[in-house]
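A.B. asks: Sharing a structure, written as structure tokens. Questions coming.
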Amino acid sequence: MSVDTQPAAPAPTPSYPEVKSLHRLASVPIVHDSIASIDALLTRYSATNTVKIWAQAWGEQAYKISEPYGARLAPVIVSADGMANQGLDVLQRRFPYPFIAPTDEILTKVRAPADHAYTAAAGYVGAGQKAVSDNVIAPALGAAEGVDKSLSPYLDSFEARVRPYVPARDASNGAEDHSKRTAVRAYELTLDARARAISLSQEQFQHLQQQSVLLQRASDTVAHLTVAAKEQSQALVAQLLATLDSVQQGTAALPGEVQHALQPFSDRLGETYSQMLAVSHEQIPLGEKTKKLAGKAQEGLAEVLNLAAEKVQQLVGWAKLEGSKKKEQANGKAGELANGAAKVGEAAELRAEEVGEQAKTDVHEAMN
């Protein structure tokens with residue numbers, strides 16, 4: 001008797017038991033739509049889509065690796081799944097609406113209070129704005145228009161007086177446009193006045209610059225004239241002193257008798273010369289120095305000339321008298337001596353007159 005031997009069938013690969021509670025929860029509309037929305041959001045962007053694919057691959061790999069342990073954990077998984085189903089049953093009995101209602105309907109009911117609150121708030125805000133507009137803004141605008149109309153005549157009068165001196169910056173957009181509000185017209189008139197003030201300031205600055213140039217030229221001219229007058233005055237003083245020195249030298253060249261007779265004249269002339277020389281060396285203003293020199297010259301030279309004329313007349317009379325006496329006493333040599341003395345006296349008189357005339361001429365020239 002033969003026995004047929006058949007190969008034993010391979011043992012089935014142990015796997016996880018079916019978890020019904022998860023499938024049941026995933027079938028709820030709001031849960032299903034939420035998962036679908038998350039999947040669509042992850043798929044929309046390349047970075048998140050890559051992460052999603054990577055997570056799915058690792059999940060499948062982990063599931064395959066943990067399959068041998070499914071048989072061992074099957075009783076525990078089945079027991080937990082049963083308790084989860086019981087919990088879902090209780091929730092569905094107490095709150096059946098979320099398990100069967102579409103997602104849009106649930107979202108609409110959830111947003112309904114917020115929409116109602118937003119609508120109510122918008123209504124309140126609109127009513128408040130209308131109340132503010134009617135009770136505050138409108139009366140304020142009316143009052144502003146009244147004030148604008150009341151101030152417009154004053155601005156017109158002020159503008160009529162000011163406008164000839166303050167031209168408009170832009171003829172097409174000036175303050176004289178009466179269609180604008182009074183405040184706008186006043187502001188534009190202020191801008192026109194400011195522009196005019198800036199323009200006048202620039203003109204005044206240019207005028208001052210021109211005046212400064214003229215003043216500088218006048219100052220240079222006055223300085224030049226002052227230097228020229230100083231030089232001329234110094235030249236006249238030097239000429240006057242030279243004339244006095246020449247008179248002194250001429251007096252010293254006269255004979256001894258004449259010099260003795262003219263000694264007071266010579267002393268006074270030397271004193272006048274010293275005084276004028278001292279004045280010429282004083283550190284005083286030019287005008288004051290010129291006045292002092294003219295005074296000294298007029299005072300001293302007048303006295304000197306009078307003294308010189310008096311001494312010359314005395315000398316001539318003395319020479320004539322001595323000549324007459326000598327002529328009576330001696331005919332020859334005495335007559336010659338008298339004639340010589342007379343000639344000397346006449347020469348001295350002529351020399352004194354010449355010196356006096358020259359001194360007077362020089363003094364008048366120096367004073368003029």
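1 is the number of the first residue of the sequence shown in UniProt numbering; add one for each residue after it.
Beta carbons are placed, not taken as given, at the ideal position from N, Cα and C, and that holds for glycine.
Since this is a predicted model, take the numbers as computed values, not measurements.
Count the other CB atoms within 10 Å of the CB of ASP4; is the residue buried (16 or more) or exposed (fewer)?
C.D. replies: Here the model assigns ASP4 a pLDDT of 43, short of 50, so the residue's position is not dependable and the matter cannot be decided.
A.B. asks: If the criterion is Cβ atoms closer than 7 angstroms, does the pair ILE106 and ILE53 meet it?
C.D. replies: No. Outside cutoff.
A.B. asks: Please report how far the alpha carbon of PRO17 lies from the alpha carbon of ALA74, in whole angstroms.
C.D. replies: So the two alpha carbons sit approximately 6 angstroms from each other.
A.B. asks: Specify, as a first and last residue, the run of the alpha helix (DSSP H) that ASN49 falls within.
C.D. replies: Here the alpha helix (DSSP H) through ASN49 covers 46-66.
A.B. asks: Leaving out five residues before and five after ARG196 in sequence, what residues of the same chain have Cβ atoms less than 6 angstroms from its Cβ?
C.D. replies: For ARG196, where only same-chain residues beyond five positions count, the Cβ hits under 6 angstroms are VAL166.
A.B. asks: With a Cβ-Cβ cutoff of 7 angstroms, do residue 369 and VAL19 count as a contact?
C.D. replies: Because the chain is modelled from 1 through 368, residue 369 falls outside the range shown and cannot be assessed.
A.B. asks: Could you name each continuous alpha helix (DSSP H) segment of 4 residues or more that falls completely within the region 62-125, going from the start of the chain to the end?
C.D. replies: Fully enclosed alpha helix (DSSP H) runs of 4 or longer: 70-94 and 97-100.
A.B. asks: Evaluate ARG44 with the Cβ neighbour count: other Cβ atoms within 10 Å of its Cβ, from every protein chain shown; 16 or more gives buried, anything less gives exposed.
C.D. replies: Exposed, since its Cβ has fewer than 16 Cβ neighbours within 10 Å.
A.B. asks: First and last residue of the alpha helix (DSSP H) that includes ALA18?
C.D. replies: As written in the sequence, residue 18 is Glu, which differs from the Ala given in the question. Careful: GLU18 lies outside any alpha helix (DSSP H) and carries neither H nor E.
A.B. asks: Taking 7 angstroms as the cut-off, decide whether the C-beta atoms of SER37 and ASN85 are in contact.
C.D. replies: Going by C-beta atoms, SER37 is not nearer than 7 angstroms to ASN85.
A.B. asks: So THR119 packs on ASP33, CB below 8 angstroms; how close in whole Å?
C.D. replies: The pair is not a contact, with the Cβ atoms about 27 angstroms apart (cut-off 8 angstroms).
A.B. asks: Our contact map puts VAL28 next to PRO113 with C-beta atoms below 8 angstroms; I'd like the distance itself, whole angstroms only.
C.D. replies: That belief does not hold up - the Cβ atoms of VAL28 and PRO113 are roughly 23 angstroms apart, past 8 angstroms.
A.B. asks: Give every residue of the same chain whose Cβ lies closer than 8 angstroms to the Cβ of residue 370, excluding the five residues on either side of it in the sequence, and list them in chain order.
C.D. replies: Residue 370 falls outside the range modelled here, since the chain spans only 1 to 368, and no answer is possible.
A.B. asks: Going by C-alpha distance, which of ALA186, GLN283, VAL76 and PRO139 is nearest SER152?
C.D. replies: Selected option, being the one with the closest Cα: ALA186.
A.B. asks: With the cut-off set at 7 angstroms, would you say THR108 and ASP148 are in Cβ contact?
C.D. replies: Going by C-beta atoms, THR108 is not nearer than 7 angstroms to ASP148.
A.B. asks: Give the secondary structure of ARG24 by DSSP, where H, G and I count as helix, E and B as strand, and everything else as coil.
C.D. replies: Here ARG24 sits in helix by DSSP.
A.B. asks: Quick check on the DSSP output: the alpha helix (DSSP H) that includes VAL162 runs from which residue to which?
C.D. replies: Here the alpha helix (DSSP H) through VAL162 covers 138-162.
A.B. asks: Using only the alpha-carbon positions, how far apart do VAL162 and GLN283 sit?
C.D. replies: Roughly 60 angstroms separates the two Cα atoms.
A.B. asks: Taking the straight line between their C-alpha atoms, what separation do you get for GLN211 and THR221?
C.D. replies: Rounded to whole angstroms, GLN211 to THR221 spans 15 angstroms at the Cα level.
A.B. asks: Taking MET276 as the reference, give the member of GLN249, ALA238, PRO285 and VAL76 with the closest Cα.
C.D. replies: Considering only alpha carbons, the answer is ALA238.
A.B. asks: In whole angstroms, what separates the C-alpha of GLN206 from that of ARG217?
C.D. replies: If I take the Cα positions, the gap works out to 17 angstroms.
A.B. asks: So, helix, strand or coil for ILE198, using DSSP?
C.D. replies: In this structure, ILE198 counts as helix in the three-state DSSP scheme.
A.B. asks: Should LEU42 and THR48 be called a contact, given that it needs their Cβ atoms to be closer than 7 angstroms?
C.D. replies: Yes.
A.B. asks: Would you check if the distance between the CB atom of ASP192 and the CB atom of ALA160 is smaller than 7 angstroms?
C.D. replies: Contact: no.
A.B. asks: Which of the three DSSP states, helix, strand or coil, is assigned to LYS292?
C.D. replies: Looking at LYS292 - three-state DSSP - the assignment turns out to be helix.
A.B. asks: Out of curiosity, what's the CA-to-CA distance linking HIS281 and ALA235?
C.D. replies: So the alpha carbons of these two residues sit roughly 14 angstroms apart.
A.B. asks: Given that a residue counts as buried once 16 or more other Cβ atoms are within 10 Å of its Cβ, and exposed if not, what is VAL279?
C.D. replies: Flag for VAL279 reads buried.
A.B. asks: Answer with buried or exposed for residue 400, where buried requires no fewer than 16 other C-beta atoms within 10 angstroms of its C-beta.
C.D. replies: Since the displayed the chain opens at 1 and closes at 368, residue 400 lies outside it and no answer follows.
A.B. asks: Does DSSP put VAL166 in a helix, in a strand, or in coil?
C.D. replies: VAL166: coil per DSSP, three-state reduction.
A.B. asks: Put ILE284 into one of helix, strand or coil per three-state DSSP.
C.D. replies: Coil, per DSSP.
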